[in-house]
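Asker: In this note's numbering, the protein residues as written are 73 to 478.
We put the CB at the ideal spot given by N, CA and C, even for glycine.
Owing to the predicted nature of the structure, the values given are computational and were not obtained by experimental measurement.
#1: Cutting at 6 Å between CB atoms, please list the residues of its own chain near residue 105, excluding the five before and the five after it.
#2: On the CB-based measure, 16 or more other CB atoms within 10 Å of its CB, does residue 85 come out buried or exposed?
#3: Measuring straight from C-alpha to C-alpha, what distance separates residue 384 and residue 216?
#4: Tell me, please, which residues DSSP counts as bridged to residue 155.
#5: Should residue 253 and residue 220 be called a contact, given that it needs their Cβ atoms to be closer than 8 Å?
#6: Going by the DSSP bridge assignment, what does residue 253 pair with across the sheet?
#7: Residue 444: buried (16+ other C-beta within 10 angstroms of its C-beta) or exposed?
#8: Which residues does DSSP list as the beta-bridge partners of residue 180?
#9: Would DSSP call residue 132 helix, strand or coil?
#10: For residue 130 versus residue 112, is the C-beta distance shorter than 8 Å?
#11: How big is the Cα-Cα spacing for residue 437 and residue 453?
#12: Kindly list the residues whose CB is nearer than 7 Å to the CB of residue 258, restricted to its own chain and excluding five residues on each side of it in sequence; keep chain order.
#13: Tell me which residues share the same chain as residue 347 and place their Cβ nearer than 6 Å to its Cβ, disregarding the 5 neighbours each side in the sequence.
#14: Terminal residues of the continuous beta strand (DSSP E) containing residue 112?
#15: Considering only their Cβ atoms, is the gap separating residue 187 from residue 179 smaller than 8 Å?
#16: State the Cα-Cα distance for the pair residue 260 and residue 155, rounded to the nearest angstrom.
#17: Under a Cβ-count criterion, where at least 16 other Cβ atoms within 10 Å of its own Cβ denotes burial, should residue 380 be classed as buried or exposed?
#18: On the DSSP letters alone, give me the boundaries of the alpha helix (DSSP H) that residue 205 sits inside.
#19: Thinking C-alpha only, which one of 278, 249, 367 and 363 is nearest residue 345?
#20: For residue 376 and residue 432, I'd like the C-alpha separation in whole angstroms.
#21: Please identify the residue among 213, 228 and 144 whose C-alpha is closest to the C-alpha of residue 201.
#22: Could you check where the beta strand (DSSP E) with residue 318 kicks off and where it finishes?
#23: Rank 149, 120, 189 and 462 by C-alpha distance to the C-alpha of residue 134 and give the top, closest one.
#24: Three Cβ pairs or more, each shorter than 8 Å: is that satisfied between the region 414-426 and the region 358-377?
#25: Check the DSSP bridge columns for residue 150 and list the partner residues they point to.
#26: Should residue 411 go down as buried or exposed, given a rule of 16 or more other Cβ atoms within 10 Å for buried?
#27: Give me, in chain order, the residues of the same chain whose beta-carbon lies closer than 7 Å to that of residue 205; leave out the 5 immediate sequence neighbours on both sides.
#28: Going by C-alpha distance, which of 459, 242 and 271 is nearest residue 316?
#29: At which residues does the alpha helix (DSSP H) containing residue 352 begin and terminate?
#30: Please report how far the alpha carbon of residue 360 lies from the alpha carbon of residue 76, in whole angstroms.
#31: Quick one: what does DSSP say residue 121 is sitting in, helix, strand or coil?
#32: Mind checking which residues open and close the beta strand (DSSP E) that includes residue 245?
#33: Would you say the region 88-102 touches the region 112-121, given that touching needs at least three Cβ pairs under 8 Å?
#34: Among the candidates 174, 214 and 245, whose CA atom is the shortest distance from the CA of residue 225?
#35: Can you grab the Cα-Cα spacing for the pair residue 439 / residue 469, in whole Å?
#36: Taking the beta carbon of residue 78 as the centre, do at least 16 other beta carbons fall within 10 Å, making it buried, or is it exposed?
Structure representation (structure tokens):
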């Protein structure tokens, strides 16, 4: 995973770049729970937090307990692409830290699920998994979940990083060669394509079975017991011969539902990426989302806490599409260059923000007017407000209030 993050040298000494800037990756919590790699890096100079997956088996060393003379050091192998109690806790802690640092988050998701042994349950694997969900739910910066080249996301790991946990901030992407589903193909066909369904499929498609079953019905109607039993044995033998082949076909059919193109068609990921273009795509998208987030924060600050993230985004989109730059074109929202041209000139939206602030104060004053006791305290509140202002600001506000009061 470190090569995918920050790049590496090939056998000829030639540099192969990763997703993030060269020599910018600094790993954190390095010696603990080594099945997960966490750290900070830069993408086009923008600082980000990273959570990635170790694909190789690592050895967890549990030291001897000095309080017990008969204890000794233990070495426990931990498989790659699996969340164990320690690595799940490490993931949750890293996400919490990155959120406090207000860093955009990249998750290179290549997990096959959580470890499910009884010891893992006692050590809190479920609690650690739920903490990951909670920390993602409360994350306030852009999150990019990317299933990398030849990677797969399955089982409980898919559920934990699903974009619906925090749809305002999480976007999911997958490489063209990636796979993802809750169940693996072998498990899927045990539920959706059992032996009974496979035998029915053989009976519809295999010409030899169709002929034998027709002869079986004929022998049954003629009451030819010897022929009937012989044909039954032939049919069972043919079905036994075909069952492994049909099982392979069913497994391949289930695998076709796990491809990244199928995930995009079902709407569970935003876009299918090629590895060679992923760095450029992520930089453009990160730059755009940071710009959108700063404006959304301004809108919500002006309008008050009652305005949701999605409502602020819709308001922003409406302002932009109605501007002279967009001219009402719906596809203009996808034009990053035009968006930043609009964003970088506050004159395009400053009056709109001012209107939102007026509406917010009007709502607060209306709420005060609904209570007679609050209304009685209003003059004292205004006096306190005026006393805390600078003389120039106090005079300006007093003049404005005189105009309103007539």
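Answerer: This is what the structure holds:
#1: Excluding residues within five positions, the ones whose Cβ falls inside 6 Å are 158, 159 and 162.
#2: Residue 85 comes out exposed.
#3: Residue 384 and residue 216: Cα-Cα distance of roughly 21 Å.
#4: DSSP output for residue 155 lists 186 as bridge partner(s).
#5: Contact: no.
#6: DSSP output for residue 253 lists 226 as bridge partner(s).
#7: Classification for residue 444: exposed.
#8: BP columns for residue 180 point to 218.
#9: Strand.
#10: No.
#11: Distance from the CA of residue 437 to the CA of residue 453, rounded to the nearest whole angstrom, comes to 12 Å.
#12: Exclusion of the five residues before and after residue 258 leaves 323 as the residues of its chain whose Cβ lies within less than 7 Å of its Cβ.
#13: Around residue 347, the same chain offers 221 and 247 as residues with beta carbons nearer than 6 Å, after the five sequence neighbours per side are excluded.
#14: Note, residue 112: beta strand (DSSP E), 108-115.
#15: Taking 8 Å as the Cβ cut-off, residue 179 and residue 187 do not qualify as a contacting pair.
#16: When rounded, the distance between both Cα atoms is 22 Å.
#17: The residue in question, residue 380, is exposed, as its Cβ has fewer than 16 Cβ neighbours within 10 Å.
#18: Where residue 205 is concerned, the enclosing alpha helix (DSSP H) starts and stops at 197-209.
#19: Nearest in C-alpha terms to residue 345, of all of 278, 249, 367 and 363, is 249.
#20: Residue 376 and residue 432 have their alpha carbons spaced roughly 6 Å apart.
#21: When each option's Cα is compared against that of residue 201, the closest is 228.
#22: Here residue 318 belongs to no beta strand (DSSP E); instead the alpha helix (DSSP H) covers 297-328.
#23: Comparing C-alpha distances from residue 134 to each of 149, 120, 189 and 462 shows the shortest one belongs to 149.
#24: With a cut-off of 8 Å, the region 358-377 and the region 414-426 count as touching, because enough Cβ pairs lie within range.
#25: DSSP output for residue 150 lists 130 as bridge partner(s).
#26: Counting every other CB atom within 10 Å of its CB across the protein chains shown gives residue 411 a total of 16 or more, marking it as buried.
#27: Here the set comprises 232 and 237.
#28: Looking at 459, 242 and 271, the one whose alpha-carbon comes closest to that of residue 316 is 271.
#29: Per DSSP, the unbroken alpha helix (DSSP H) holding residue 352 starts and ends at 347-375.
#30: Going from the Cα of residue 360 to the Cα of residue 76 covers about 23 Å.
#31: Three-state DSSP puts residue 121 in a strand.
#32: Note, residue 245: beta strand (DSSP E), 242-247.
#33: Judged by pairs of C-beta atoms under 8 Å, the region 88-102 touches the region 112-121, as three or more such pairs exist.
#34: With respect to the C-alpha of residue 225, the residue from 174, 214 and 245 having the closest C-alpha is 245.
#35: The alpha-carbon separation between residue 439 and residue 469 amounts to approximately 22 Å.
#36: With a 10 Å radius around the Cβ and a threshold of 16 neighbouring Cβ atoms, residue 78 comes out buried.
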